[in-house]
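Convert by adding 78 to the 1-based position in the sequence shown; the result is the number in the working numbering.
The beta-carbon is built from N, C-alpha and C at its ideal position, and this holds for glycine as well.
Heads up: the structure comes next, in structure tokens.
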Amino acid sequence: MTTHETPDAGPDLTRGVTLAEFGGRTMLRGHVGGEAVLLARVGGEMLAVGATCTHYSGPLDQGAIEGETVRCPLHHACFSLRTGEALGAPAFDPIACWKVEREGDRIFVRERVAPAPRPARAAASGEPGNIVIVGGGAAGFAAAEMLRRRGWQGRLTLLSAESDAPCDRPNLSKDYLAGNAPEEWIPLRADGYYAENRIDLRLSTAASRIDTAAHTVVTADGSRHAFDRLLIATGAEPVRLPIPGADLPHVFTLRALADSRAIIARAASAGTAVVLGSGFIGLEVAAALKARGLAVHVVSLDAHPLERVLGPQVGDFIRRLHEDHGETFHMGASLASIGAGSVTLSNGTQIAADLVVIGVGVKPRLALAEGAGLAVDRGIVVNEYLETSRPGIFAAGDVARWPGGADGETARVEHWVVAERQGQVAAENMLGARKPYRDVPFFWSAHHEVTIRYVGHAPAWDEIRVDGDIAARDCMVSYRKGGKTLAVATIGRDAQALEQARRLAERA
79 MTTHETPDAG PDLTRGVTLA EFGGRTMLRG HVGGEAVLLA RVGGEMLAVG
129 ATCTHYSGPL DQGAIEGETV RCPLHHACFS LRTGEALGAP AFDPIACWKV
179 EREGDRIFVR ERVAPAPRPA RAAASGEPGN IVIVGGGAAG FAAAEMLRRR
229 GWQGRLTLLS AESDAPCDRP NLSKDYLAGN APEEWIPLRA DGYYAENRID
279 LRLSTAASRI DTAAHTVVTA DGSRHAFDRL LIATGAEPVR LPIPGADLPH
329 VFTLRALADS RAIIARAASA GTAVVLGSGF IGLEVAAALK ARGLAVHVVS
379 LDAHPLERVL GPQVGDFIRR LHEDHGETFH MGASLASIGA GSVTLSNGTQ
429 IAADLVVIGV GVKPRLALAE GAGLAVDRGI VVNEYLETSR PGIFAAGDVA
479 RWPGGADGET ARVEHWVVAE RQGQVAAENM LGARKPYRDV PFFWSAHHEV
529 TIRYVGHAPA WDEIRVDGDI AARDCMVSYR KGGKTLAVAT IGRDAQALEQ
579 ARRLAERA
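This is the structure:
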């Protein structure tokens, strides 16, 4: 995980700056007492905040100002320039605010402003007293955090089938799996957070049934949890193929922290790994295992890696990138069988394999919603407020199908940031906000030293436009249908990714 912070960059703002030093930009990075500070022009006003994103330490001065907010160029977290609040995931912690003073034509930043206390919230008429969240992933955590951030004081129960507290799931196939991020970076919050915020986190607790008449969630051990509002954020589970030998102990899928730990433990004594699947998870796992020194083979039925999401041109570039790092690709093939020390491909080829990872996609966990009689159509159907067909029951994340797709179609998107932001919106709506979910989908994917950023949602397209040079790692690729841009992928153009996200949001 790379840290981008450079606290002493730019001028010492305690000595004052002039508008000329902005050089026509709306932002100026400087420092106060060794801390990086961002001075931003908002209309005729000057606002000063911490210059470093609280998610992965991205440089906010290289991001974009939108109204009274600033977005991080790395993963598009959004902060208020007036209060410092993290308004949009993947950041949850606020940035600091600083007092700005003018003396003549000079602008000074001298002291930090004390953070505003968490708002006290009196229970309103009709406000829920009990909220249950099923799912301890991105959406579930983000909803719980937002409920407490908004000052809601009711009983909050978070049921998670996983054995570990909510964690930074994208890292499980990236830096953590590669050995570049210690495990203490992985939890989204420290152990004491849940008790301190009165979040009743129940780990290793699977919900088995929703009693809609009694407004109760029943767990596998028979316990019952009453709710006034319910959020279903059960996420997705890896697709498991009926391959002979897939149940052997050296064969894995990757979804939870426990899965990543198990792969790391096996990799310590492995020499060769086979990864089935050339999508994002498969290729990120391949890169991570290669970084650990294993010989890596990628097997896929597809003609080009990532073709269904990014098209053949970007897919071929990513393949060459992985091959340049020593990985071997077997395209147009699958696994016919898995043995104790080797795999046999569908074309008869045999490959030594001490470790096998099956990464051929995921499917939404819908059984709970189906059993409760909720409307389901390739996902849990929700309205623009993320409420299901049953009033008072909401859904968010990988399981939710919402009215946000291209050409008026519904969409279900398996992106981490989408899940977090839906969880935040669902939380506010469970408290009566009636806030429509309008966010533009965003994700990022890391492949050795190259990161791809993607905004929008293009399940299909009839045209791909390339601006720049893919091979030179400097490009924006647009996915278009009917003359309209549905999504863009960028390499080496973070500012353009932010700008395209803004344009897509304006058009929504």
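Test item: CB-CB of residue i and residue j under 7 Å
i: residue 478; j: residue 460; result: yes
i: residue 375; j: residue 331; result: no
i: residue 462; j: residue 514; result: yes
i: residue 133; j: residue 235; result: no
i: residue 417; j: residue 323; result: yes
i: residue 124; j: residue 185; result: yes
i: residue 437; j: residue 360; result: yes
i: residue 225; j: residue 244; result: no
i: residue 160; j: residue 174; result: no
i: residue 167; j: residue 237; result: no
i: residue 453; j: residue 310; result: no
i: residue 357; j: residue 215; result: no
i: residue 138; j: residue 129; result: yes
i: residue 583; j: residue 564; result: no
Within-7 Å CB hit, residue i to chain D
i: residue 139; result: The structure shown contains no chain D; it is built from a single protein chain.
Spatial distance of residue i from residue j (CA atoms)
i: residue 380; j: residue 202; result: 54 Å
i: residue 491; j: residue 516; result: 13 Å
i: residue 353; j: residue 408; result: 10 Å
i: residue 287; j: residue 486; result: 33 Å
i: residue 425; j: residue 249; result: 34 Å
i: residue 231; j: residue 222; result: 12 Å
i: residue 545; j: residue 575; result: 13 Å
i: residue 292; j: residue 499; result: 29 Å
i: residue 422; j: residue 333; result: 25 Å
i: residue 151; j: residue 144; result: 13 Å
i: residue 121; j: residue 398; result: 47 Å
i: residue 321; j: residue 328; result: 14 Å
i: residue 350; j: residue 119; result: 54 Å
i: residue 494; j: residue 476; result: 8 Å
i: residue 503; j: residue 227; result: 13 Å
i: residue 378; j: residue 114; result: 46 Å
i: residue 275; j: residue 527; result: 38 Å
i: residue 279; j: residue 272; result: 7 Å
i: residue 82; j: residue 135; result: Because residue 82 sits at a pLDDT of 47, beneath the cut-off of 50, its placement in the model cannot be relied upon, and the following sentence gives the value as read from the coordinates. Answer to the nearest angstrom: the Cα atoms are 6 Å apart.
i: residue 253; j: residue 259; result: 5 Å
i: residue 439; j: residue 508; result: 31 Å
i: residue 497; j: residue 170; result: 14 Å
i: residue 590; j: residue 382; result: Since the first and last residues shown for the chain are 79 and 586, residue 590 lies out of range.
For residue j and residue i, believed in contact at Cβ under 8 Å, the rounded distance
i: residue 519; j: residue 534; result: 6 Å
i: residue 108; j: residue 97; result: Wrong, their Cβ atoms sit about 14 Å apart, outside the cutoff.
i: residue 542; j: residue 553; result: Wrong, their Cβ atoms sit about 11 Å apart, outside the cutoff.
i: residue 442; j: residue 457; result: 5 Å
i: residue 289; j: residue 296; result: 6 Å
i: residue 435; j: residue 341; result: 6 Å
i: residue 239; j: residue 282; result: 7 Å
Three-state secondary structure assigned by DSSP to residue i
i: residue 500; result: helix
i: residue 545; result: strand
i: residue 428; result: strand
i: residue 127; result: strand
i: residue 305; result: coil
i: residue 83; result: The predicted position of residue 83 is uncertain, since its pLDDT is 48 and thus under 50; a value taken from the coordinates is nonetheless stated next. Residue state, collapsed to three classes: coil.
i: residue 405; result: coil
i: residue 265; result: strand
i: residue 176; result: strand
i: residue 368; result: helix
i: residue 390; result: helix
i: residue 416; result: strand
i: residue 400; result: helix
i: residue 347; result: coil
i: residue 569; result: strand
i: residue 190; result: strand
i: residue 564; result: strand
i: residue 552; result: strand
i: residue 363; result: helix
i: residue 330; result: strand
Item to check | Those runs of the beta strand (DSSP E) which lie wholly inside the segment 91 to 161 and span at least 3 residues | outcome: 105 to 110, 113 to 120, 123 to 128, 142 to 144, 147 to 149, 156 to 158
Item to check | Inside the segment 445 to 495 only - alpha helix (DSSP H) runs reaching at least 4 residues | outcome: 445 to 449
Checklist entry - Which residue spans inside the segment 215 to 291 form an unbroken beta strand (DSSP E) run of at least 3? => result 233 to 237, 277 to 280, 285 to 289
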